[in-house]
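Student:
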Amino acid sequence: MAGANSEPVRRLPRAERREQILAAATTAFARNGFAATGLDDIAAEAGITRVILYRHFDTKTDLYQAALDRFCARLSDHVAEPVGGFTDASVDGLLKAAIAEPDGFRLLFVHAAREPEFKAAAERFRSDITEIALVQISQVVADEAWARWAARLAPTAAIEAIIAWLDAGQPDPDLAADRVRHVIAGVITAAAARTGLDCLPPTA
């Protein structure tokens with residue numbers, strides 16, 4: 375199978391071909407998940423033959439893991455460990471990574487998290503960013519238990535807000551980071567509330 379046309383597959387340098395395959399695999403896996411995606415689907419997405427794909431990856435599991443590793447490396451480029459906690463720069467970095475590669479963002483945070491073989495990567499990132507968030511949140515939330523609650527919830531809320539934004543068609547990109555920051559601020563406000571009613575709007 376050589377894709378939609380019958381032209382011979384152009385020879386590429388090995389690194390370039392591997393990148394082509396990983397980009398295609400990311401798209402295919404993000405669209406249909408691990409179980410429902412076959413190597414033939416990925417070869418077709420990449421416009422190559424299955425024989426060429428096998429020259430780079432022995433199994434579908436190897437390919438999925440490589441696609442995750444590729445996006446995690448790109449995510450790290452955008453979201454360097456910030457000084458002082460989960461900052462505005464952290465949100466900007468997450469959003470930039472999602473804009474640069476929406477399929478990779480969904481692969482890591484939606485699909486991989488549901489796959490027993492691969493969820494460790496998503497859980498590791500969430501664990502790391504939770505500890506980073508706790509540094510900042512502890513400065514404004516005095517109760518340690520509620521600070522930890524907010525530190526676990528705020529990054530998750532940010533990730534889910536970005537996925538929802540992608541799914542909504544990426545409206546108003548210039549405003550997206552501020553919208554996500556409002557979501558995080560809501561979590562911190564709830565954690566810092568003195569009573570259960572402090573963060574509720576007044577009733578009529």
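Residue numbers for the sequence shown, in our numbering: 375 to 578.
Yeah, the Cβ is synthetic: ideal placement off N, Cα and C, and Gly gets one too.
(1) Quick one: Cα of asparagine 406 to Cα of alanine 399, how far?
(2) With C-beta atoms as the reference, is leucine 469 less than 7 Å away from alanine 551?
(3) Let me know the secondary structure DSSP gives threonine 400 once reduced to three states.
(4) Using three-state DSSP, classify proline 490 as helix, strand or coil.
(5) Would you identify the three-state DSSP class for histidine 430, choosing helix, strand or coil?
(6) Counting Cβ pairs closer than 8 Å, one from the region 527–538 and one from the region 463–480, do we hit at least three?
(7) Helix or strand or just coil, what does DSSP make of phenylalanine 408?
(8) Taking the alpha-carbon positions, what's the aspartate 477 to threonine 401 distance?
(9) Just verifying my parser: in three-state terms, what is the DSSP assignment at serine 450?
(10) Apart from the five residues just before and just after leucine 413, which ones in its own chain have a Cβ nearer than 7 Å to its Cβ?
(11) Please report the straight-line C-alpha distance between aspartate 517 and alanine 566, rounded to a whole angstrom.
(12) For alanine 495, does the count of other Cβ atoms within 10 angstroms reach 16, so buried, or fall short, so exposed?
(13) Is arginine 480 near alanine 542, with beta carbons less than 7 Å apart?
(14) Could you check if valine 514 is buried or exposed, using at least 16 other CB atoms within 10 Å of its CB as the buried criterion?
(15) According to DSSP, simplified to helix, strand and coil, what is glutamate 390?
(16) For the alpha helix (DSSP H) that contains valine 465, what are its first and last residues?
(17) Given a threshold of 16 other Cβ atoms within 10 Å of its Cβ, counted over all protein chains shown, does leucine 330 qualify as buried or as exposed?
(18) Could you give the residue range of the alpha helix (DSSP H) that holds leucine 482?
(19) Apply the 10 Å Cβ neighbour rule to leucine 386 and answer buried if 16 or more other Cβ atoms are within range, or exposed otherwise.
(20) Which residue wins for smallest C-alpha separation from tryptophan 523, given the options Val557, Ala564, Pro490 and Val484?
(21) May I ask which residues mark the beginning and end of the alpha helix (DSSP H) holding aspartate 414?
(22) Would you mind stating whether alanine 521 and isoleucine 536 have Cβ atoms separated by less than 7 Å?
Tutor: Judging by the given coordinates:
(1) 11 Å
(2) yes
(3) helix
(4) coil
(5) coil
(6) yes
(7) coil
(8) 5 Å
(9) helix
(10) Arg424, Leu427 and Lys434
(11) 8 Å
(12) buried
(13) no
(14) exposed
(15) helix
(16) 462–474
(17) Since the displayed the chain opens at 375 and closes at 578, residue 330 lies outside it and no answer follows.
(18) Segment: none, leucine 482 is in no alpha helix (DSSP H) and carries neither H nor E.
(19) exposed
(20) Ala564
(21) 413–420
(22) no
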